[in-house]
Amino acid sequence: MRCSHLRLDPRGYPIIAVIPQEPGEEDYGALSEQRKLVLAAYDLCAVCAMPFRDELRWQVTFDDQLQHMGETPTFNEAPEHEVCALYAAQVCPFVSSPHARLGDAQRKGQRRAETLVLAGFDSTAAVYGHDSELQVGKSILMFDMAGLRRTHRLTGADDARQVYEAALLDEVPIQLDDAEQRIVDLLCAPTPEEGEDPGAVMAGATWFIGAAFCPRIRQVQAMNKFAEAKDDLYFQLAANFLFEPDKMAEWEDASDPSTAAAVSWFRTRESLPTVLQQWRVAGARRVRDSRGRRPRLSDAAIVSQRDEAAIRRRQEAESALRKGRRKKR
Ligand SMILES: [Zn+2]
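503 is the number that my numbering gives the last residue of the sequence shown; the numbers go up by one with no jumps.
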C-alpha cells in the first residue's frame, strides 16, 4: 500500500510524513511546520509523502464546518491523498477526535463533533505563514484549498473502514522519477549522519529553491534558523538562483544531501508545483540585482501544467465506480 515505505513506530504504526519524528520521539499529536513546508514545496501528501499528481487533495473537517469556510477554505494541515486521509481517519486519534490536538483546558466545554467530513479539493491554492488560532503569538503555515469536488461523511468506525476499503481497491501506484525518489527517501528516514528528523535540513533546502519567498515565512518560529542565518544566506541564495538558475547546477553535488536532492529535483521538473511557482513569482517581485533589475522567471517552468486528459480519466473512473457502488446497495 501507499504507506509501506514509511518507518514504523514501536507499536507498528507508520510514521506519517507531517509529524515531528526525531527517532524515538515521534509525536502524532503535533505537526512539524518544517515538514509542512517541505510537503508544500514538493507538493507531497502529509501522510505518505508521495506526490499528488492529479489526484484530489483531502482535508479533514467536522460536522457542517465546511459550509462556513468560504470558497477557498483555509486549513492548518497539509492535504492528503484520499486513501491516506481515509487510512488516517481510522487509525489516528488526532484525526478522528477533532479537539485532540488542543490542551485539556481548551477542550473543556467543547461539544464533541459527530461527523467526520473528509473534503477532496482540486488544488492547493496558496501556502503562507499566518497567526495560529490555537496558540497565541505563534505563526504557522496555512493551506488554502480550491475546487471542492467530493466529500466523505463518516459517522463511525464501520463507515470509515468501508469507505477506506473501497478506496484501497481504486488505489493507483505512484511512479517516482529518480529525483522524486531521493526527496521521498530523505524525508522518510532519519538523517544519515546525525540520525535526526530530516525535517529541518530539508526545510532549509526548500528555502533555496523558492520557499524563502513563501509569504510571512519568517514569522513561523520553526524557520528562525533560516530567517536569522548569517548574511541572510538562505534568502540570498534563493534570490541568486532566481537571477541565475543555471548556477543551481553547481549545487547538485553539495555535501548536504537535502540541498543536492532539492536542486536536482528542481532542475529536472518540466513544471513546478503551483504553490512553489507562486512563491517564486512573489520572490521575483521582491528582489533586485545590483543594477536594480528584477529576475526573469522565463527559464523555470512558469505554469504548472494540469493534465486535463488524466483528470478526465480519473473523473470518469470515479463516477463509474460511484454508479457501481450505488447498484450494489
Ligand atoms: Zn498519501
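In this text, a Cβ means the ideal position worked out from N, Cα and C, and glycines have one as well.
All values reported here derive from a predicted model rather than from experimental measurement.
Quiz item: residue 410 to residue 198, Cα distance in whole Å?
Solution: 35 Å
Quiz item: Should residue 304 be listed as close to ligand 1, given that the test is whether its C-beta is under 7 Å from any heavy atom?
Solution: no
Quiz item: Taking 7 Å as the cut-off, is the CB of residue 362 close to at least one heavy atom of ligand 1?
Solution: no
Exercise. Tell me the start and end of each unbroken beta strand (DSSP E) in the segment 302-370 that is at least 3 residues and wholly inside, in chain order.
Key: 313-328
Practice problem: Confirm the yes/no value for this check: CB of residue 224, any heavy atom of ligand 1, distance under 7 Å. | Solution: yes
Quiz item: Within the present structure, is the beta-carbon of residue 231 separated from the nearest heavy atom of ligand 1 by less than 7 Å?
Solution: no
Self-check item: Beta-carbon gap between residue 393 and residue 313 smaller than 8 Å
Solution: yes
Quiz item: For ligand 1, any of its heavy atoms closer than 7 Å to the Cβ of residue 221?
Solution: yes
Quiz item: Does the Cβ of residue 441 lie closer than 7 Å to at least one heavy atom of ligand 1?
Solution: no
Practice problem: Could you tell me whether any non-hydrogen atom of ligand 1 is closer than 7 Å to the CB of residue 179? | Solution: no
Exercise. Compute the Euclidean distance between the alpha carbons of residue 293 and residue 230, then round it to the nearest angstrom.
Key: 9 Å
Quiz item: If you draw a straight line from the C-alpha of residue 254 to the C-alpha of residue 452, how long is it?
Solution: 20 Å
Quiz item: In terms of residue numbering, what span does the alpha helix (DSSP H) encompassing residue 400 cover?
Solution: 398-401
Quiz item: In whole angstroms, what is the alpha-carbon distance linking residue 245 and residue 194?
Solution: 31 Å
Quiz prompt | beta-carbon residue 367 near ligand 2 non-hydrogen atom, thresh 7 Å | solution = Of the ligands this structure carries, namely ligand 1, none is ligand 2.
Quiz item: So does residue 255 have its beta carbon nearer than 7 Å to some heavy atom of ligand 1?
Solution: yes
Quiz item: Roughly how many angstroms separate the alpha carbons of residue 324 and residue 346, rounded to a whole number?
Solution: 18 Å
Quiz item: Can you give the Cα-Cα distance for residue 413 and residue 353, rounded to whole angstroms?
Solution: 23 Å
Quiz item: Cβ-heavy atom distance between residue 258 and ligand 1 below 7 Å?
Solution: yes
Quiz prompt | Near ligand 1: residue 209 beta-carbon under 7 Å from a heavy atom | solution = no
Practice problem: Tell me, please, whether the CB atom of residue 351 is closer than 8 Å to any CB atom in chain D? | Solution: Absent from the structure is chain D; it holds one protein chain and no more.
Self-check item: Backbone secondary structure at residue 373 - three-state DSSP
Solution: helix
Quiz prompt | Extent of the continuous alpha helix (DSSP H) run through residue 409 | solution = 407-417
Quiz item: Roughly how far, in whole angstroms, is the beta-carbon of residue 338 from the beta-carbon of residue 264, given that I think they are within contact range, below 8 Å?
Solution: 6 Å
Quiz item: If you count every other CB in all the chains shown that lies within 10 Å of the CB of residue 218, and 16 or more means buried, which is it?
Solution: buried
Exercise. Whole angstroms is fine: what's the gap from residue 440's alpha carbon to residue 315's?
Key: 22 Å
Exercise. Kindly give me the distance between the Cβ atoms of residue 434 and residue 383, rounded to whole angstroms, as I take these residues to be in contact under 8 Å.
Key: So it is not a contact: roughly 12 Å between Cβ atoms.
Quiz item: What whole-angstrom Cβ distance do residue 458 and residue 407 have, given they're in contact under 8 Å?
Solution: With a Cβ gap of about 19 Å, residue 458 and residue 407 do not count as contacting.
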